[in-house]
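Trainee: The following block contains the structure, expressed as structure tokens.
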Ligand code: HEC
Ligand code: HEC
Ligand code: HEC
Ligand code: HEC
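Structure below.
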């Protein structure tokens, strides 16, 4: 059973209808300073000191507050700390900013493919990596939501019928994506000038913008370069999306995220 997780064909149609914005995002982007993502890991402790209060205020009111006081259906039996589900100041996994959650060992995700896609050939999607692996460590449902690696060990989650089973997100539950990602936006591939020239050489498909210089919507490490990851669209601590916009959204409105990378003007009149 496939969940309607960002069914992009329907969404793309919506995107195509937004003819008003043209290439505005590209122009705005050039004015905004490019915030590099690569030094993130090195600077994490400093960032943490500066940002943790703001981040804490943000996360607490979202469904990523999985502590006993969390607002969503998924919560711990008695863990009161909010950040600990994902981060720890000690003994962190080297994979990401002081990461504290077990990483799923699952590898054979079913990836998005279409015959206009240039990023990879049919059946040739590179393995999911980077920050997307962090998200999937809860969202693919293969390991427990409370499966932390720090000194405290696994956090006991409240059992909620049809939502949490053996501590894991169950198929059909809110947030469950599973391992079939073919209905979602492609992730974990390199997005660079080569890809842009390949795609933009064709007339009848929506072109890509380049370079990507936006404050909110960024490229993240993948396959030895930079590309699209879950975190390009979602901000796991809250984000800027208003009511009715996708959850944990990097921008105030749905289209604003897509238009950072996709050049809508290339499709007008088609
Ligand atoms: C191109 C942008 C984009 C990327 C990349 C992306 N998402 Fe989403 N996501 C969306 C949009 C839009 C929605 C809301 C609409 C929908 O569900 O179709 C959404 C909804 C969700 C939801 C809630 C809806 C549901 O089906 O339960 C979850 C959970 C989620 N995304 C997780 C992820 C994870 C994990 C990744 C990486 C594996 C990811 N997303 C990558 C755009 C994106
Ligand atoms: C559900 C998982 C999750 C929770 C809960 C969470 N984070 Fe994060 N955090 C992430 C991920 C994934 C990244 C890396 C991707 C990114 O930067 O968006 C990250 C990155 C960060 C960063 C560095 C990048 C940035 O956004 O500036 C800081 C600081 C941070 N988290 C602080 C916190 C604090 C403080 C809490 C608790 C209040 C918290 N996080 C809770 C998943 C989480
Ligand atoms: C520690 C486990 C964990 C990690 C790691 C995690 N999530 Fe979640 N996320 C959840 C759970 C559990 C829910 C559903 C909570 C509920 O509905 O009560 C959720 C919900 C969501 C939703 C839907 C929220 C809504 O309001 O409907 C989105 C979108 C999402 N996560 C994206 C992400 C992305 C992107 C990442 C990686 C950057 C990520 N998550 C990492 C546990 C996690
Ligand atoms: C961070 C950049 C980025 C963001 C944000 C982004 N995309 Fe993409 N998108 C890409 C890239 C790169 C590709 C791969 C294009 C290729 O390989 O031909 C892609 C592929 C797609 C495809 C598949 C195209 C095909 O030919 O099969 C669709 C549809 C799509 N994106 C829609 C969206 C929508 C809708 C949003 C907003 C919810 C969005 N994208 C946000 C960069 C992005």
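Numbering (our numbering), first residue to last: 240 to 509. Glycine included, every Cβ here is placed at the ideal spot set by N, Cα and C. Just so we're clear, the structure is a prediction, and the values are computed from it rather than from any experiment.
Closer than 7 Å by C-beta to residue 350: which residues in its own chain qualify, once you throw out the five before and the five after it? Chain order, please.
Mentor: The count along the chain shown starts at 1 and reaches residue 350 at position 111. For residue 350, where only same-chain residues beyond five positions count, the Cβ hits under 7 Å are 364, 420, 421 and 425.
Trainee: In the DSSP assignment, what are the bridge partners of residue 407?
Mentor: The sequence position of residue 407 within the chain shown is 168, counting from 1. Note: residue 407 sits in a beta bridge opposite 404.
Trainee: Considering only residues of the same chain and omitting the five flanking positions on each side of residue 470, which have a CB-CB separation below 6 Å?
Mentor: As a working mapping, residue 470 is identified with position 231 in the chain shown. Here the set comprises 370 and 459.
Trainee: Looking at C-beta atoms only, is the number of pairs between the region 399-407 and the region 320-330 that lie closer than 8 Å three or more?
Mentor: Too few Cβ pairs lie closer than 8 Å, so no.
Trainee: Using 8 Å as the cut-off, classify the Cβ of residue 328 as near or not near the heavy atoms of ligand 2, replying yes or no.
Mentor: Indexing the chain shown from 1 puts residue 328 at position 89. No - ligand 2 has no heavy atom lying nearer than 8 Å to the Cβ of residue 328.
Trainee: Given a cut-off of 9 Å on the beta-carbon distance, is the pair residue 311 and residue 476 in contact?
Mentor: Stepping through the chain shown from its first residue, residue 311 is reached at position 72. Stepping through the chain shown from its first residue, residue 476 is reached at position 237. Cβ distance not < 9 Å, so residue 311 and residue 476 don't count as in contact.
Trainee: Figure out for me which residue from 377, 423, 412 and 375 has the closest Cα to the Cα of residue 352.
Mentor: Position 113 of the chain shown holds residue 352. Per the Cα distances, 423.
Trainee: Thinking C-alpha only, which one of 404, 435, 452 and 491 is nearest residue 446?
Mentor: Residue mapping note: residue 446 aligns to position 207 of the chain shown, counting from 1. It is 435.
Trainee: Given this structure, state the Cα-to-Cα distance separating residue 383 from residue 418, to the nearest angstrom.
Mentor: By one-based count along the chain shown, residue 383 stands at place 144. By one-based count along the chain shown, residue 418 stands at place 179. C-alpha separation (whole angstroms): 15 Å.
Trainee: Residue 424: beta carbon under 8 Å from a heavy atom of ligand 3?
Mentor: As a working note, residue 424 is residue 185 in the chain shown. Result no, Cβ not under 8 Å from ligand 3.
Trainee: Going by the C-beta, is residue 321 closer than 8 Å to any heavy atom of ligand 3?
Mentor: In the chain shown, counting from the first residue as 1, residue 321 sits at position 82. Answer for residue 321: no, Cβ out of range of ligand 3.
Trainee: Evaluate residue 502 with the Cβ neighbour count: other Cβ atoms within 10 Å of its Cβ, from every protein chain shown; 16 or more gives buried, anything less gives exposed.
Mentor: Along the chain shown, read from residue 1 onward, the residue named residue 502 stands at position 263. Result: buried.
Trainee: What number of angstroms, rounded off, separates the C-alpha of residue 319 from the C-alpha of residue 482?
Mentor: In the chain shown, residue 319 corresponds to position 80, counting from 1. In the chain shown, residue 482 corresponds to position 243, counting from 1. Distance between the alpha carbons of residue 319 and residue 482: 27 Å.
Trainee: Taking residue 461 as part of the beta strand (DSSP E), name the residues at either end of that continuous run.
Mentor: Against the chain shown, residue 461 aligns to sequence position 222. Residue 461 -> beta strand (DSSP E) spans 459-461.
Trainee: Please identify the residue among 485, 450, 500 and 385 whose C-alpha is closest to the C-alpha of residue 341.
Mentor: Indexing the chain shown from 1 puts residue 341 at position 102. Here the closest residue by C-alpha is 385.
Trainee: If you follow the alpha helix (DSSP H) that residue 464 is part of, which residue opens it and which one closes it?
Mentor: Against the chain shown, residue 464 aligns to sequence position 225. Looking at the DSSP string, residue 464 is not in any alpha helix (DSSP H); the run it does join, the beta strand (DSSP E), is 464-466.
Trainee: Quick one: give me the first and last residue of the alpha helix (DSSP H) that residue 439 is part of.
Mentor: For the purposes of this step, residue 439 is taken as residue 200 along the chain shown, with counting starting at 1. 432-439 is the extent of the alpha helix (DSSP H) around residue 439.
Trainee: Near residue 407, which residues of its chain fall below 6 Å by C-beta distance, leaving aside the five closest residues on each side in sequence?
Mentor: By one-based count along the chain shown, residue 407 stands at place 168. Correct list, in chain order: 380 and 383.
Trainee: Grouping DSSP H, G and I as helix and E and B as strand, with all else coil, what is residue 354?
Mentor: Your numbering for residue 354 matches position 115 in the chain shown. DSSP places residue 354 in coil when its eight states are reduced to three.
Trainee: Taking residue 303 as the reference, give the member of 473, 490 and 504 with the closest Cα.
Mentor: Taking the first residue of the chain shown as position 1, residue 303 is located at position 64. For residue 303, the nearest C-alpha among the options comes from 473.
Trainee: Which partner residues of residue 315 appear in the DSSP bridge assignment?
Mentor: Residue numbering aside, residue 315 sits at position 76 when the chain shown is read from its first letter. Note: residue 315 sits in a beta bridge opposite 396.
Trainee: Excluding the five sequence neighbours on either side, which residues of its own chain have a C-beta within less than 6 Å of the C-beta of residue 348, listed in chain order?
Mentor: By one-based count along the chain shown, residue 348 stands at place 109. Contacts found: 367, 418 and 420.
Trainee: Just curious, the alpha helix (DSSP H) that residue 470 is in, first and last residue?
Mentor: Indexing the chain shown from 1 puts residue 470 at position 231. From DSSP, the alpha helix (DSSP H) with residue 470 extends over 469-472.
Trainee: Assuming residue 388 contacts residue 339 under a Cβ cut-off of 8 Å, what Cβ separation, rounded to an integer in Å, is found between them?
Mentor: Your numbering for residue 388 matches position 149 in the chain shown. Your numbering for residue 339 matches position 100 in the chain shown. Yes, residue 388 and residue 339 are in contact; Cβ-Cβ is about 6 Å, under 8 Å.
Trainee: Would residue 428 and residue 358 be called neighbours here (beta carbons separated by less than 9 Å)?
Mentor: For the purposes of this step, residue 428 is taken as the residue at position 189 of the chain shown. For the purposes of this step, residue 358 is taken as the residue at position 119 of the chain shown. The answer is yes: Cβ separation under 9 Å.
Trainee: Taking 8 Å as the cut-off, does the CB of residue 484 come closer than this to any heavy atom belonging to ligand 6?
Mentor: Judged by which ligands are present, ligand 6 is missing from the structure shown, whose ligands are ligand 1, ligand 2, ligand 3 and ligand 4.
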